[in-house]
Structures are given as C-alpha cells and as structure tokens.
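See structure below.
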Amino acid sequence: MIINLKVWRQDSPAVEGELVSYQVEASEDMSFLEMLDVLNEDLIGKGEEPVVFESDCREGICGSCGLMINGQAHGPEVTTSCQLHMRSFKDGDEIVVEPWRADPFPVLKDLMVDRSAFDRLIASGGYVSVNTGAAPDAHAVPVPKPNADRAFDVATCIGCGACVAACPNGSASLFLGAKITHLSELPQGQAERDQRVVNMVGQHDHEGFGGCTNIGECTAACPKGIPLDVISRLNSDLRTALRHGR
Amino acid sequence: MATTRPSPDQTRTLVSGAHAARTTIALKLAMAVSGLIFIAFVLGHMYGNLKAFAGHDAFNDYAHHLRTLGEPVLPYGGLLWIIRVGLIASLVVHVTSAVLLWKRASSARQHKYAVRKYRSSTLSSRTMRWGGLTILLFLVWHLLNFSIGKVNPQGGPTNDPYDLLVDTFEVWWLTLIYLVAMVALGMHLRHGTWSASQTLGLTNSARSRRTANLAGITLAVVVAGGFSLVPIFTLFGVIS
Chain A
469 MIINLKVWRQ DSPAVEGELV SYQVEASEDM SFLEMLDVLN EDLIGKGEEP VVFESDCREG
529 ICGSCGLMIN GQAHGPEVTT SCQLHMRSFK DGDEIVVEPW RADPFPVLKD LMVDRSAFDR
589 LIASGGYVSV NTGAAPDAHA VPVPKPNADR AFDVATCIGC GACVAACPNG SASLFLGAKI
649 THLSELPQGQ AERDQRVVNM VGQHDHEGFG GCTNIGECTA ACPKGIPLDV ISRLNSDLRT
709 ALRHGR
Chain B
367 MATTRPSPDQ TRTLVSGAHA ARTTIALKLA MAVSGLIFIA FVLGHMYGNL KAFAGHDAFN
427 DYAHHLRTLG EPVLPYGGLL WIIRVGLIAS LVVHVTSAVL LWKRASSARQ HKYAVRKYRS
487 STLSSRTMRW GGLTILLFLV WHLLNFSIGK VNPQGGPTND PYDLLVDTFE VWWLTLIYLV
547 AMVALGMHLR HGTWSASQTL GLTNSARSRR TANLAGITLA VVVAGGFSLV PIFTLFGVIS
C-alpha cells in the first residue's frame, strides 16, 4: 500500500518547523512505527536526515511513542502508536503526523517532545514516603478488594501524554487524576493525601498546563482507558485539602 | 538515538509552597458554585415567566409580589435587591474565573495542530466559552429590554410588565433573538451541570457520571424549553 505522509520536521526547539511530504510503500501488517522505520531507511539511503520519533518497548506498555496522527492522539484506534497497524488505513491515504502540541511539552526534534514535565509532576508528590529497609509483609496492611482493584486500574497509566495532546485546553488532569486516585485508594497514601494533591496541582499549574473543562477528549484518547472519574477524585481531594486549609 | 534529553528550559523547577486556593481547580470550584447559583436563579425565573399563561393580572401580581416578598422584615424590594447583589457577585466570579482559565488554556497550546479530529466530546462542551459570551451579550440586551432600560419596541407603555412582554414578543425578530439565546443557554446548562458535578468531585463512579449527564440534559430541556414557551405563544397570539 502507498501512504502519502506529511510529517512535522523541526531541527531544534529554537527553530520553526514545517510539514514535509513523503511517500512510503508499506504493508498493512506493519505497525505505524515500522512504517516510519521504512521511511527512515529510505531517507538514510538517500543521505537525508531520518525523522526523529520516540519508541521503546513497541508493545504498548512503555508510553514513549506519542504521535498525533491525522489529528488524533495515537491515531484512529484507541491504542498506542506502536500498536496501531497500517491496516487501519487505506491504500493512497494521506496521513499527517505531528508531535504532541502543548507548551509544557516543547518539541525537541521532529516528532519528539520533552515530557519531563510529567517527571516533575511525579516528583512533586506522586509517591509514598516510606522508610527503606526490609519489605513489609504483603498482608501487614489490609486493602479492601474494590480499592485495590481501582488503584490497580488507574495505575495502568503509562504516562504517554495522549491526554494532554488530546485536551483542547492542554490540561494534564487525567494523568494527575490517575496518580492521585492510585494513591488515594490505598492506606499507604493517606498520610500525605492533602499535601500531595496541593503540591501536584501546584506543579501542574506551574508547568503551564491548562485547566480541565470536563470535555472528555482525554479519556477517549487514553490507550489504557483511564476513566474521567479520576478527575472527579482529583477535584474532591483538592476540595478536602482546601477545607483543611492547605 | 539520543539517550540524554536536556530540557530546553532548564529553569523548570519543582514548586514549593503551593496553596490549594491558588490552583486552577480552585478557579473551577468558583465557577461551579457560581454556576449552581445561576441554575437556581434560572429555574425560579422560568417558573415566574410561565405566569404569563395565567393572564395579565396574575403576571403583574406576581411581578409586584416579588417586591413585597419578605415584608415587613425587609423593606419594599429588599429581597429582590439581595438576590440582585448575589447574582452580580456570582457573575463577577463566574466571568473572572472563565477569563483566567481561557487565557491559561490558550497559552498551554500556542502552537495549534494542523489537523484536529475530536473523538467523543459534545458540541456543547466545546462551545462553553463562546456560548457563555453569547449569553452575556444577551443578558445586556435582556436587562435593557425588561429591567434597567425598559424598551418597548412598539412604543407602548413600559410600566406594565405584562404589556411590555406582549409588545416585545409580538415582534418576530425579538422572539428570534430570545430563542437563539435559549439555545445557547440550554447548551451551556447541558455541559455546565455535568461539568460542575465533576468539578465538585461528585462523579466518582460511572453511574454518578451518567446521572450528572442526565441531570444536565434534563435541566437544559426544562429551562430552555420553559423559557421559550412564552415568546413562542406570544408570537402566535395565544398570549395577548
């Protein structure tokens, strides 16, 4: 199948980029990233600069490969770009590939953005402070099954940034909500619960992410299906912290 | 490929001394609470308007009664002024938070996508800001028309609330302006009700999310529909 690509090319964060047209001959069994690999081999063969994009595990669990494909985060299927296959497209299709667009995620080169804002969000409170030492017995702190299940479900967030990329406000509320809910559901997360939400939301705002308007594009794009109610939990935790004068 | 990724902006640091009251979520909470006050107001206002179906005297009695409500504890028109002050304060809070969040959202993505496709969001959710401005613009006209200015488009008396209402809505394009505004209000209420529930942290499960969405749709239909009845029935001569 012939694919007409329009790929965002940008040399560095400091210079303006542009969409460049390429033609690739791909098989419909290829993943989207393999199709980009074919393009890059072709470009290297011609002595041109290959397209820079991120990838690591290529099995949908690491969250590296964020691409805006035809205006949708990770493309037309609800999965990661690496698990998107060319059979989702037709022969002769035009596909526009752009990096995540959000000011807190500056473009480093071509399709690769700097998502270290997420690392700082985690560093600002997405953890439980415990003394190191021997691991406690697994049954030392009982956790009710529904709480454990919900904590696990939201902990499947891979931090790919599709929620931010899809949000019309450039908000990271779904990512933040997933982390807050994960720790709020567990007994270990209770001690720092108020301070955590205040610090993490403070960091979120400081990074320049937008506010949430509960539109729901984030959850629709999330390859892990993190539900919108994590944002409700985020909001109620912040409201509680507000009441406690934090 | 690159193994080290130096941040292009090395000044990005961890925040210290964050306060809950200074976050975007606090702004959203302010929007939600002021929005709930507006919901209570439009429900009451819509109910009062329906008195027009009971005729000239019943409608004017109701309008007069609003001013004597709370007497003798409150002076004439006292309660109405308390409500007005509350509504003006809510409007200031609602619009200020909206403007701040709008500015923040625009600066969070200064470089727009070349291609953009939405997956699941509703039109009402994506038109909250422009829809809100439409309602604000309408509010200015509406107050000039019926409250502050009392403009009778047919040149008739302005001191009789019922006659002013009939004279206004007999003009087809004025009825049209009101109906367009009610579409904007309905859409704003549909998403606003759901969004306020979510912001207040009341939608912690799939079921409560469905309930909040349903409440939004119901409120939109009841309020926008209820308000639209009087102009439509006046235009067609049922109320005269």
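For the protein sequence lines, the chains are A and B, in the order given.
Per this note's numbering, the very first residue in the first sequence carries number 469; after that it's consecutive.
Per this note's numbering, the very first residue in the second sequence carries number 367; after that it's consecutive.
Ideal Cβ positions, reconstructed from N, Cα and C, are used throughout, including at glycine.
Under three-state DSSP, which class holds residue i?
i, result
"M412/B", "helix"
"A570/A", "strand"
"R378/B", "coil"
"S499/A", "strand"
"H553/A", "strand"
"R477/A", "strand"
"K417/B", "helix"
"A384/B", "coil"
"P614/A", "helix"
"T477/B", "Here residue 477/B turns out to be His, not Thr, going by the sequence shown. It is coil, neither helix nor strand."
"P597/B", "helix"
"T462/B", "helix"
"C690/A", "coil"
"R588/A", "helix"
"G531/A", "coil"
"A619/A", "helix"
"L580/B", "helix"
"T624/A", "coil"
"V506/A", "helix"
"P372/B", "The predicted position of P372/B is uncertain, since its pLDDT is 45 and thus under 50; a value taken from the coordinates is nonetheless stated next. If DSSP states are grouped into helix, strand and coil, P372/B belongs with coil."
"K514/A", "coil"
"A429/B", "helix"
"I605/B", "coil"
"F407/B", "helix"
"G552/B", "helix"
"H557/B", "helix"
"N703/A", "helix"
"I683/A", "coil"
"A608/A", "coil"
Can you list, in chain order, the residues of its chain with a C-beta nearer than 6 Å to that of residue i? Leave out the 5 residues immediately preceding and following it.
i, result
"G627/A", "G531 and F586"
"V666/A", "A709 and R714"
"M367/B", "With a pLDDT of only 38 at M367/B, under 50, the local geometry of the prediction cannot be trusted, and the value read off the model is given with reservation. Excluding residues within five positions, none has a Cβ falling inside 6 Å."
"A608/B", "Since the first residue of chain B shown is 367 and the last is 606, residue 608/B is not available in this structure."
"L511/A", "P518"
"E509/A", "none"
"V481/B", "none"
"K516/B", "T524"
"N426/B", "P527 and Y528"
Got a sec? Which residues, its chain only, sit under 8 Å from residue i by beta carbon, not counting five neighbours each side?
i, result
"L453/B", "I403, F404 and F407"
"S556/A", "G543, P544 and E545"
"T390/B", "L467 and R470"
"V609/A", "P655 and Q656"
"L395/B", "T565 and L566"
"M668/A", "L589, S592, G593, G594, L644, K647 and I648"
"I583/B", "R556"
"L501/A", "F521, S523, R526, C533, S549 and C550"
"W507/B", "I543"
What does a CB cutoff of less than 7 Å around residue i pick up in its chain, not counting 5 residues either side in sequence?
i, result
"F599/B", "I605"
"H422/B", "Y528"
"G436/B", "G444 and L445"
"P519/B", "D533, T534, V537 and L540"
"L466/B", "L393"
"H733/A", "Past the edges of chain A, shown from 469 to 714, lies residue 733/A, and the structure says nothing about it."
"L576/A", "P481 and D582"
"T369/B", "Unreliable positioning characterises T369/B in this predicted model, as indicated by a pLDDT of 42, which lies under 50. A coordinate reading is not provided."
"M639/B", "This structure cannot settle anything about residue 639/B, because the visible part of chain B is limited to 367 through 606."
"I470/A", "Q491, E493, D559 and G560"
"S491/B", "H557"
For residue i, which residues does DSSP report across the bridge?
i, result
"N472/A", "Q491/A and E562/A"
"V581/A", "V575/A"
"A541/A", "M536/A"
"E486/A", "R477/A"
Practice prompt. Examine the Cβ distances between the segment 552-561 of chain B and the segment 483-503 of chain B and report whether three or more of them are shorter than 8 Å.
Written response: yes
Discussion item. Within 8 Å, do at least three Cβ pairs link the segment 673-680 of chain A to the segment 534-544 of chain A?
Written reply: no
Discussion item. At 4 residues or longer, what runs of the alpha helix (DSSP H) sit wholly inside the segment 479-546 of chain B?
Written reply: 489-492, 494-512 and 527-535
Worksheet item: Considering only residues of the segment 639-677 of chain A, which uninterrupted alpha helix (DSSP H) runs meet the minimum length of 4 residues and lie entirely inside it, listed in chain order?
Response: 641-652 and 661-675
Practice prompt. Kindly confirm or deny that the segment 541-548 of chain A and the segment 640-655 of chain A touch, where touching means at least three C-beta pairs closer than 8 Å.
Written response: By the Cβ test, the segment 541-548 of chain A is not in contact with the segment 640-655 of chain A, since fewer than three Cβ pairs between them sit closer than 8 Å.
Worksheet item: Looking at C-beta atoms only, is the number of pairs between the segment 380-392 of chain B and the segment 686-693 of chain A that lie closer than 8 Å three or more?
Response: no
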